[in-house]
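Chains as they are written, first to last, in our numbering: chain A, 4 to 376; chain B, 453 to 816. Written out below as C-alpha cells is the structure these notes cover.
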Amino acid sequence: MNLLGEPEVTEEGEFVINIGPQHPSTHGVLHLKVWLDGETIKKVQPHLGYIHRSIEKMSESLSYRNFIYVTSRMDYISAHINNQACALTVEKGLQVEVPARAQVIRLLLAELTRLGSHLLWWGCTGLDLGAVTPFFYAFREREAILDVLEETCGARLTQNFMVPGGIMYDIHPNFQKRVKDVMVQVKSKLKEYDELLSGNVIFQGRVKGVGYLSPEDAISYGVTGPAARASGVSCDVRKWFPYDGYDKVQFEEVLDTGGDSYARYMVRMREMQQSIHIIEQLIDNIPEGEFQAKTKMVIKLPKGEFYQRVETARGELGVFIVSDGGSSPYRIKYRSPNFSNLCALSKMATGAKIGDLIAIMATLDLIIPDIDR
Amino acid sequence: MKPLLEISFSSFAAQFDKWLNGVVSNSFIVLVAELVVTGVCLLAFLVLLCFFLGYMERKVAGFIEIRLGPNRVGPKGSFQIVADTVKLLFKEGITPSSSDKFLFHLAPVIVVTAAMLAVAPIAFASHFQVYDISIGVLYVSSVSSVAVIGILMAGWSSYNKYSLLGAMRSGAQIVSYELSVGLSLISIVILTGSLRISDIVMSQENGWWLFKGHIPILISFVIFLIASTAEINRAPFDLTEAEQELTGGYHTEYSGMKFAMFLLAEYINLFVVSAIAATIFLGGWMPFHLGHWHAFNSIMDWIPSSLWFMGKTLFIVFIIMQFRWTFPRLRIDQLLNLEWKYLLPISMVNTILVTVMAIMGWHF
Numbered sequence: 004m005n006l007l008g009e010p011e012v013t014e015e016g017e018f019v020i021n022i023g024p025q026h027p028s029t030h031g032v033l034h035l036k037v038w039l040d041g042e043t044i045k046k047v048q049p050h051l052g053y054i055h056r057s058i059e060k061m062s063e064s065l066s067y068r069n070f071i072y073v074t075s076r077m078d079y080i081s082a083h084i085n086n087q088a089c090a091l092t093v094e095k096g097l098q099v100e101v102p103a104r105a106q107v108i109r110l111l112l113a114e115l116t117r118l119g120s121h122l123l124w125w126g127c128t129g130l131d132l133g134a135v136t137p138f139f140y141a142f143r144e145r146e147a148i149l150d151v152l153e154e155t156c157g158a159r160l161t162q163n164f165m166v167p168g169g170i171m172y173d174i175h176p177n178f179q180k181r182v183k184d185v186m187v188q189v190k191s192k193l194k195e196y197d198e199l200l201s202g203n204v205i206f207q208g209r210v211k212g213v214g215y216l217s218p219e220d221a222i223s224y225g226v227t228g229p230a231a232r233a234s235g236v237s238c239d240v241r242k243w244f245p246y247d248g249y250d251k252v253q254f255e256e257v258l259d260t261g262g263d264s265y266a267r268y269m270v271r272m273r274e275m276q277q278s279i280h281i282i283e284q285l286i287d288n289i290p291e292g293e294f295q296a297k298t299k300m301v302i303k304l305p306k307g308e309f310y311q312r313v314e315t316a317r318g319e320l321g322v323f324i325v326s327d328g329g330s331s332p333y334r335i336k337y338r339s340p341n342f343s344n345l346c347a348l349s350k351m352a353t354g355a356k357i358g359d360l361i362a363i364m365a366t367l368d369l370i371i372p373d374i375d376r
Numbered sequence: 453m454k455p456l457l458e459i460s461f462s463s464f465a466a467q468f469d470k471w472l473n474g475v476v477s478n479s480f481i482v483l484v485a486e487l488v489v490t491g492v493c494l495l496a497f498l499v500l501l502c503f504f505l506g507y508m509e510r511k512v513a514g515f516i517e518i519r520l521g522p523n524r525v526g527p528k529g530s531f532q533i534v535a536d537t538v539k540l541l542f543k544e545g546i547t548p549s550s551s552d553k554f555l556f557h558l559a560p561v562i563v564v565t566a567a568m569l570a571v572a573p574i575a576f577a578s579h580f581q582v583y584d585i586s587i588g589v590l591y592v593s594s595v596s597s598v599a600v601i602g603i604l605m606a607g608w609s610s611y612n613k614y615s616l617l618g619a620m621r622s623g624a625q626i627v628s629y630e631l632s633v634g635l636s637l638i639s640i641v642i643l644t645g646s647l648r649i650s651d652i653v654m655s656q657e658n659g660w661w662l663f664k665g666h667i668p669i670l671i672s673f674v675i676f677l678i679a680s681t682a683e684i685n686r687a688p689f690d691l692t693e694a695e696q697e698l699t700g701g702y703h704t705e706y707s708g709m710k711f712a713m714f715l716l717a718e719y720i721n722l723f724v725v726s727a728i729a730a731t732i733f734l735g736g737w738m739p740f741h742l743g744h745w746h747a748f749n750s751i752m753d754w755i756p757s758s759l760w761f762m763g764k765t766l767f768i769v770f771i772i773m774q775f776r777w778t779f780p781r782l783r784i785d786q787l788l789n790l791e792w793k794y795l796l797p798i799s800m801v802n803t804i805l806v807t808v809m810a811i812m813g814w815h816f
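As C-alpha cells, this is what we get:
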C-alpha cells in the first residue's frame, strides 16, 4: 500500500528495486521504491517515516522558548533559518519589535547558513554523480563558515542562537573580521568550482535536460526554493514577504527557465553569489544597540493563529502556531520545503535512468529529517 | 654505454634450468617445478605491485583532494594498505543464504585469474618476460575479456538486484569497449607486422610509435586510454560498481577476502592496461632516444630498462588515476553512445589511415 492507500501492483517483467532506506545517495533514511524496465524508471514511490521524531507533537509540550531548539533538528543544514522562522512567529504573536542590531545579525547568520548549505549541496551533488573531489573542495569552504558559526553560537551543526526577541548573545568581537575573510575565500573559490564541475562535459551531459519540471507542475506540487526558481517560478519569500529587514538589502531573486537539473544547479550556484552580496552589504553596517528585545520570562502568546514563512536554503519553510493563550503552543505545524519538493520527484524521474534519479535527487537537495520531522 | 643495472632474466633462467636438471633427472618434474617457481614469483610480484598501486592511488587522491592521504601506519603511511589487507583477511566472508553458492565462490577466482593471466606476455625489461607468446597482443586482449564472465557470474549468483544491474551493465560495457581497445591495438600491429610483444618493443628501437606514427597513432593512443579505462571498470566508467547508484554493483554482496580479490583484480587490470599502453605506444623498456644526440642517448641507455618500463607504466597509471578523481560518472546510455557513436567509428577510420600509412611507408 502506498501513502494514498492504493495497492502496489507489480506487473510481469517489471523490476522493482528499493533504493534506501540504507543507500549511499539518499543522504539519510529515505526509501524510494522504483519500478524499472531495464534501466529506465517507470515509477518512483517515496516511502517516508523512517526518521519521524514527532517534532510537531513534541513542540506542543515545550514552552515558546524551548520548542525552537527542537527545530534545529528538522533541516539540520540550515538550523539558523529554522530557528529564525520560529522566533519570528513567536514575535508576531507577542508583537515585539526586534532591535535593529539583532535583525542584521540574524540576516548575516541566515545568509552564512544558506551559503554553507549550498556549499554542502555542491559537494554532495558532485559525489552523487561519481566525482569525489568536489566534496572535499566544498568542505574546505564550509569548514571556514562553520568555524565562524561555532565561534558565534558554540555549535557547528544544530545551532541554537535565535530566540524570541532577537539573538541569544551578542556576537563575538572577531565576527566581522572572520566573516570578511571567509567571504574573500569563498568568492575566489567559486570560480574553481565552475572549473572543476560546472564546465565539465560529463557533468553537463549528466544534468542537462534531465528531470524536467514545468512551472505548472512546480506550482501544483508546491515546489519552492531553488528547485522552483529553476523552473521560472518566482517564489523567493525574501522578496515577496520580506522579514528581518530583507527589504533593506539589495539582492536579486535568481531565476532560470530551464527547469532541468542543470538549471537547478546553476540557480544554486548563482544564489551563493547573492548570499555573498548580502553579507558584504551588511557586515560593515551592523548597528550598535541591544541585541535582544525585552520579553517576559515565561512567554504566553495571545489566543489565535500565527503564521510566518521564511526562505531556507531549500525553499519555503512555514511555521503555523495555534495558541490557546497558554505558555506552550496548542498545535504547531511546519510546512517543510523538502516534503513538497520530494513529491515532485516521481513526476521528474519517470522515464529517466537510475543514474538520472540520483542526479535529480541531488539537485533537489533533499534533507530527509526535514521531510519526516 | 652499458646500463647501470641490467637483470638478465633469460641467462638467470637458463642457469636455474641447468641447475635443476642436474638435481632432478625427470624433465617433466623440472618443467612443473619451473612453472611453479615462476608462478609464485609472479604472484608475489603482483601482490606487492597492488600494494604499491593501492598506496599510490590513495596518495594521488589525497593530492588532488587537498588532503594528506594515509600518513599514520608505517613511514609516510605506506603500510596502511598492508593493515587494510590484514583486516580483509580476518573479516567474515558472508555468503547470502539464497545465492548460488558455487558460482558465488567461483566468480572472484575467475576475475582475478583472468587479470593475472594477462600479465604473462608483458616485457618488464629487456629479456625479462614470462612467456613471449607469438600472439602476445591478441592473447592479452582475449584473456582479459574473460573477466566479464566472472563479473556476470558474481552479479547473477549474488541474488541481489543491485548486483544483477551492475553485472548487466558490465556486460554491455566491457563487450562494447573491447572493440575500440582491439582496434587501437591493431593499428600498432599493422605497423609492426607482428603480434609478438618482443617484436613490438624491438620495432620501437629508433623511436616510440607515439612519435613515429603521426596523428593516427596519437588518436589510437587516446582511444586506447579511454576505452581501456572503461574496460577495466574504472571511474568515470565505473558503472558496474556505481556506489552512488548501485551501492557497489556486482560486488555488493561480497566481503572479506573474496571482495579483496575483486580489488586485487582491479589493480592488476590497471597495471596490465598501463603496461600494454606503455609497451605498444611508448616503447616498453626501450629508452628514450633523440635523433643524433649521442651523448643524450647514451645517458638514456645508462638507465636500466626495467626502470624505463616501470616509469612509463606508472605514468599511464597516474593519468588513469587522475581520471578517477576528477571526472563525474557517465550514464549507461551516454557510455554506450560514446563507444558506438564516437570511439568505434573514429577507430575504424583511424585503422584505415594507419593501414594506408603502413602501405605507403609514411611513418618514420
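Backbone N, C-alpha and C fix where the C-beta goes; we use that ideal spot for every residue, glycine too.
Under the 9 Å criterion on CB atoms, residue 20 of chain A is classed as interfacial with respect to chain B. Counting every other CB atom within 10 Å of its CB across the protein chains shown gives residue 725 of chain B a total of 16 or more, marking it as buried. When 7 Å is used as the limit between beta carbons, residue 695 of chain B is near these residues of chain A: 27, in chain order. Taking every protein chain shown into account, the CB of residue 265 of chain A has 16 or more other CB atoms within 10 angstroms, so this residue is buried. Pairing residue 133 of chain A with residue 613 of chain B, the inter-Cα distance amounts to about 20 Å. Membership of residue 323 of chain A in the beta strand (DSSP E) is indicated by the continuous run 319–326.
At a cut-off of 4 residues, the continuous stretches assigned as alpha helix (DSSP H) that sit fully inside the segment 214–274 of chain A are 218–224, 229–232, 240–243. Around the beta carbon of residue 527 of chain B, fewer than 16 other beta carbons sit within 10 angstroms, so the residue counts as exposed. Following the DSSP letters along the chain, one finds residue 20 of chain A inside the beta strand (DSSP E) bounded by residues 18–22. Here the alpha carbons of residue 174 of chain A and residue 209 of chain A stand approximately 43 Å from one another. For residue 209 of chain A, the chain B residues whose C-beta falls within less than 7 Å of its own C-beta are 780, 783, listed in chain order. Spatial neighbours of residue 617 of chain B in its own chain (CB-CB distance under 6 Å, excluding positions within 5 residues in sequence) are listed in chain order as 698.
For residue 162 of chain A, there is no enclosing alpha helix (DSSP H), as DSSP gives it neither H nor E. With a cut-off of 8 Å on Cβ pairs, the segment 255–275 of chain A is not in contact with the segment 73–83 of chain A, counting fewer than three such pairs.
Excluding its 5 nearest sequence neighbours in each direction, residue 661 of chain B has C-beta neighbours in its own chain below 7 Å: 640, 643, 669, 732, 733, listed in chain order. The Cβ of residue 625 of chain B sits no closer than 9 Å to any Cβ of chain A.
Using beta-carbon distances, residue 583 of chain B does not count as an interface residue toward chain A, since no partner is under 9 Å. Apart from the 5 residues on each side of it in sequence, residue 367 of chain A sits with its Cβ closer than 6 Å to the Cβ of 230, 344 in its chain, given in chain order.
DSSP places residue 668 of chain B in the uninterrupted alpha helix (DSSP H) bounded by 666–683. The Cβ-Cβ distance between residue 691 of chain B and residue 354 of chain A does not fall below 9 Å.
In terms of beta-carbon proximity, residue 688 of chain B lines the interface with chain A, with at least one pair separated by less than 9 Å. Taking 9 Å as the cut-off, the beta carbon of residue 317 of chain A is found no closer than this to the beta carbon of residue 55 of chain A. Under the Cβ criterion of 9 Å, residue 258 of chain A is not counted among the residues facing chain B.
The beta carbon of residue 211 of chain A is closer than 7 Å to those of 263, 265 in its chain, skipping five residues each way along the sequence. Within the segment 510–524 of chain B, 513, 516, 517, 518, 519 place their CB atoms closer than 8 Å to a CB of chain A, listed in sequence order. DSSP places residue 310 of chain A in the uninterrupted beta strand (DSSP E) bounded by 307–314. Interface criterion met: the Cβ of residue 135 of chain A is under 9 Å from a Cβ in chain B. By the beta-carbon neighbour count (other beta carbons within 10 angstroms, threshold 16), residue 747 of chain B is exposed.
For residue 337 of chain A, the pairing in a beta bridge is given by DSSP as A/322. Here DSSP, grouped into helix, strand and coil, assigns residue 574 of chain B to coil.
DSSP places residue 793 of chain B outside any alpha helix (DSSP H), giving it a letter other than H or E. Judged by DSSP in its simplified three-state form, residue 552 of chain B adopts coil rather than helix or strand. The alpha-carbon separation between residue 372 of chain A and residue 26 of chain A amounts to approximately 15 Å.
9 Å or more divides the Cβ of residue 165 of chain A from the Cβ of residue 288 of chain A. When the alpha-carbon of residue 219 of chain A is set against those of A/112, A/207, A/235, the nearest one is in A/235. Under the Cβ distance rule, residue 532 of chain B does not count among the residues neighbouring chain A, no pair being separated by less than 9 Å.
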